[in-house]
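Structure, as structure tokens:
Protein chains: 2
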Amino acid sequence: MLTPTRHEIILEQLERYQTVKIQDLVNETGASESTIRRDLSQLENANKLKRVHGGASCLHQTSEELSIREKAAQNLNEKVAIAKEAASLIRDGDCIFLDAGTTTYQMIPYLKGRNLTVVTNGVTLLEELTENQVPTYLTGGFVKHKTRALIGRGATHSLQQYRFDKCFLGVNGVHPSHGYTTPDPEEALVKQTVLTLSQEAFVLGDASKLNELSFSSIASLQNATLITNENDPERLSPYQEKTNVKVVSS
Amino acid sequence: MLTPTRHEIILEQLERYQTVKIQDLVNETGASESTIRRDLSQLENANKLKRVHGGASCLHQTSEELSIREKAAQNLNEKVAIAKEAASLIRDGDCIFLDAGTTTYQMIPYLKGRNLTVVTNGVTLLEELTENQVPTYLTGGFVKHKTRALIGRGATHSLQQYRFDKCFLGVNGVHPSHGYTTPDPEEALVKQTVLTLSQEAFVLGDASKLNELSFSSIASLQNATLITNENDPERLSPYQEKTNVKVVSS
DNA sequence: TCAAAATCGATCAAAATATATCAAAAACAA
DNA sequence: TTGTTTTTGATATATTTTGATCGATTTTGA
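If you're matching them up, the sequences are chains A and B in order.
Residue numbers for the first sequence, in full-length UniProt numbering: 1 to 250.
Residue numbers for the second sequence, in full-length UniProt numbering: 1 to 250.
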């Protein structure tokens, strides 16, 4: 049996059972213990698994929540400043859409006690929203495991019931010629749908997102007002030429 | 059994019952008492649990979560027994609806690693479902503050996209002549909608729900199979006359 | 309160597993 | 083919994990 085949088997077993014993792999592959050990060492170096006494276990799985928290902590000050500005744009009685994401999440404290209705596709936003007693509707859809965002046909179908005064979207990339982009095509589709349903649209993109490009296109720049903390005039001007830009200081 | 597997089991049990006894873990894992003690020490150092005399208890419990968990702890053994029976009825490849509720919540551990698709209107079920890697769709709708259930037009509208092999519903009252009832008319409407979309329907109702009556009518008895832990023949017979009843021992 | 029962922590030897090394086997190139 | 390199399996020597034991401590129930 070839080495890549063995590696494939090991990773398959891991995928399936989370952990795998060396003895089981010996039986499964017919290779010797030494060989399996070498395989496991290699795969560990390649960061594909973690060796444990007696076998190996897969890397992620647990502490999924943590990674979301970690992500939320990146550029936190910038995100809060942008979120605060975004929240200040909301008028009494507005019905708004809040995108799943860490920047939009930071808007929630500023929504407390205000007269508005929120629709979101972000399950992670929900707890915070209900704690702040904001009347909330959730879109339906498939639960994306990594981000707990609701996507797919169910999400776009649910959205058709609503119309929004304003929507607030997070993105991964903002680019002068390629516009707003995000890695997941399904998420991009949801954002596109929201754009068509909103009177006004705002994209929340901190400076680290500017001039970045991601796989799936959402819309061109002029389809939304950009809220950012970038304040270098040179880096800003390509955007200001094509769309409304609100700059916050952080 | 590998160390990570044992740790996983310990944390699962904790998640489920809030506390766990060393003896139970010895039986569950087949490892010795010493080993379990060492595991608990390690997990305590990793800040994943708190050791107590005779076992361990879980740490985190946000205020909101607490009240939900308290409710979930009521009649826990009965609920687990009913949930286990309910889960055993699911066939490979089934697409099922899981109602929001504490009894249906207990079904989730039994769904792990199985080939099925779940649709639910219970936001509280979501975390557990994704942790158990069950592909999950959420209905849309208004988020009911107290229970985090999705209700209203958004929920019923979302549901129309789906068809279910089986649905598993929780109720507040089961009554020989008034059938299944629940306090919230909006929730009742969701349950009714689900019933019309399911090939087979099951209601999970522990003995405390029998002969109880609540404000909103969902359906008459014969519209669903009742799964209960009531085993007094006299109390059971009115139900057995009118519908299928599965009795579990708890 | 006290004594019995249960549980705990520390220790130790046995079992299982890990690492390093080396020669045989296989794959490869000329 | 022959010589070289890579992979493999075996072996010997560490290391880690494990389960049992025992005295100490805590809980339980009268």
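Ideal Cβ placement from N, Cα and C applies to all residues, glycine included.
C-beta contact flag for residue i and residue j at 8 Å
{"i": "L236 of chain B", "j": "V203 of chain B", "result": "no"}
{"i": "T103 of chain B", "j": "D206 of chain B", "result": "yes"}
{"i": "P176 of chain B", "j": "Y239 of chain B", "result": "yes"}
{"i": "A56 of chain B", "j": "T19 of chain B", "result": "yes"}
{"i": "L111 of chain B", "j": "C95 of chain B", "result": "no"}
{"i": "G154 of chain B", "j": "Q161 of chain A", "result": "yes"}
{"i": "L169 of chain B", "j": "V194 of chain B", "result": "yes"}
{"i": "T243 of chain A", "j": "L221 of chain A", "result": "yes"}
{"i": "L213 of chain B", "j": "T182 of chain B", "result": "no"}
{"i": "N75 of chain B", "j": "S208 of chain B", "result": "yes"}
{"i": "L150 of chain B", "j": "F142 of chain B", "result": "yes"}
{"i": "L2 of chain B", "j": "V52 of chain A", "result": "yes"}
{"i": "T139 of chain A", "j": "V119 of chain A", "result": "yes"}
{"i": "Q192 of chain A", "j": "A219 of chain A", "result": "yes"}
{"i": "E28 of chain A", "j": "I9 of chain A", "result": "yes"}
{"i": "S198 of chain A", "j": "K166 of chain A", "result": "yes"}
Where residue i falls: helix, strand or coil (DSSP)
{"i": "G154 of chain A", "result": "helix"}
{"i": "K166 of chain A", "result": "strand"}
{"i": "A188 of chain A", "result": "helix"}
{"i": "T102 of chain B", "result": "helix"}
{"i": "L204 of chain A", "result": "strand"}
{"i": "I90 of chain B", "result": "coil"}
{"i": "V123 of chain A", "result": "helix"}
{"i": "S63 of chain B", "result": "Because S63 of chain B sits at a pLDDT of 40, beneath the cut-off of 50, its placement in the model cannot be relied upon, and the point is left open."}
{"i": "K146 of chain B", "result": "coil"}
{"i": "T225 of chain A", "result": "strand"}
{"i": "Q199 of chain A", "result": "strand"}
{"i": "T114 of chain A", "result": "The sequence as given places Arg at residue 114 of chain A; Thr does not occur at that position. Correct three-state label for R114 of chain A: coil."}
{"i": "L159 of chain B", "result": "helix"}
{"i": "K246 of chain A", "result": "strand"}
{"i": "K48 of chain B", "result": "coil"}
{"i": "S214 of chain A", "result": "coil"}
{"i": "P238 of chain A", "result": "helix"}
{"i": "I96 of chain B", "result": "strand"}
Chain-ordered neighbours of residue i on chain B, where CB pairs are closer than 8 Å
{"i": "K21 of chain A", "result": "L2"}
{"i": "G54 of chain A", "result": "L2 and T3"}
Contacts of residue i in chain A (Cβ-Cβ under 8 Å)
{"i": "L197 of chain B", "result": "Per Cβ cutoff of 8 Å: no residues; L197 of chain B is ~14 Å from chain A at best."}
{"i": "L126 of chain B", "result": "V123, V143 and R148"}
{"i": "Q192 of chain B", "result": "Those do not exist, as Q192 of chain B stays about 18 Å from chain A at its closest Cβ, beyond 8 Å."}
{"i": "Q13 of chain B", "result": "Within 8 Å Cβ-Cβ: nothing; Q13 of chain B doesn't reach chain A, min ~15 Å."}
Extent of the continuous beta strand (DSSP E) to which residue i belongs
{"i": "H175 of chain B", "result": "G173 to H175"}
{"i": "L138 of chain A", "result": "T136 to L138"}
{"i": "G54 of chain A", "result": "Taken as a continuous stretch (DSSP letters only), G54 of chain A belongs to no beta strand (DSSP E), as it is neither H nor E."}
Where the alpha helix (DSSP H) through residue i begins and ends
{"i": "T29 of chain B", "result": "I22 to T29"}
{"i": "I36 of chain A", "result": "E33 to N45"}
{"i": "I10 of chain A", "result": "T3 to Y17"}
Chain-ordered neighbours of residue i on chain B, where CB pairs are closer than 7 Å
{"i": "T136 of chain A", "result": "V143"}
{"i": "T139 of chain A", "result": "G140"}
Contact list for residue i against chain A, beta-carbon separation under 7 Å
{"i": "E186 of chain B", "result": "None at all; the shortest Cβ gap to chain A is about 13 Å."}
Within chain B, the residues that residue i reaches when beta carbons sit closer than 9 Å
{"i": "Q18 of chain A", "result": "P4, T5 and E8"}
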